[in-house]
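Asker:
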Amino acid sequence: DRERRMGRPLSPLCDRDTVSRPDSQIGFIGFIVRPAFQALVNSFYVQAPLENLEVTFQFWTEESRKTRKKGSKDRANLGSNASEVPPRRSFSSMFSDGSGRSSRKPNM
143 DRERRMGRPL SPLCDRDTVS RPDSQIGFIG FIVRPAFQAL VNSFYVQAPL
193 ENLEVTFQFW TEESRKTRKK GSKDRANLGS NASEVPPRRS FSSMFSDGSG
243 RSSRKPNM
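Under the numbering used here, the very last position in the sequence shown is 250; numbers go up by exactly one each time.
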């Protein structure tokens, strides 16, 4: 918004009027987040975070489908209502014993 007011070219993925928020999230998860977590699988316990990531990915995939179905782009208002945001797991629930620390020893 500030770039637009200043008459500057808009940064990639930052134009509320043309960028699909669901599609941006899908791309970010698919190309950045998921590969980073998958690279950690052999060293750290990341199964629960990966499962949570899949829930989030499915949420944004469904939002993208809804947006396309309506025939309009997301205007950056998705997710503004807490009921629209996918559920998150607590940090301690990401570990098998619920303690907040890994019970799995890393491969060394």
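For each residue, glycine too, the CB sits at the ideal point set by N, CA and C.
#1: Report buried or exposed for F170, applying the criterion of at least 16 other Cβ atoms within 10 angstroms of its Cβ.
#2: Please look up how many angstroms separate the CB atoms of R176 and L155, rounded, as I've assumed it's under 8 Å.
#3: Under DSSP, the alpha helix (DSSP H) around G149 begins and ends at which residues?
#4: For E204 and S162, what's the separation of their Cα atoms in angstroms?
#5: To the nearest angstrom, report how far apart F199 and Q167 are at their CA atoms.
#6: With 16 as the cutoff for other CB atoms within 10 Å, does S206 come out buried or exposed?
#7: Measuring only the C-alpha atoms, how far is I174 from R144?
#8: Answer with yes or no whether the minimum CB distance from E193 to chain D is below 8 Å.
#9: Quick check: the Cα distance between F186 and D165, rounded to an integer number of angstroms?
#10: What separation, rounded to the nearest whole angstrom, lies between the Cα atoms of T209 and L182?
#11: Would you identify the three-state DSSP class for L195, choosing helix, strand or coil?
Answerer: Well, looking at it:
#1: Its Cβ having fewer than 16 others within 10 Å, F170 is exposed.
#2: That belief does not hold up - the Cβ atoms of R176 and L155 are roughly 18 Å apart, past 8 Å.
#3: Run containing G149: none; DSSP gives neither H nor E here.
#4: Distance between the alpha carbons of E204 and S162 is about 13 Å.
#5: Note on geometry: alpha-carbon atoms of F199 and Q167 lie some 8 Å from one another.
#6: Classification for S206: buried.
#7: Going from the Cα of I174 to the Cα of R144 covers about 27 Å.
#8: Judged by its chain identifiers, the structure shown contains no chain D, having just a single protein chain.
#9: Roughly 29 Å between the two C-alpha positions.
#10: Answer to the nearest angstrom: the Cα atoms are 33 Å apart.
#11: In this structure, L195 counts as helix in the three-state DSSP scheme.
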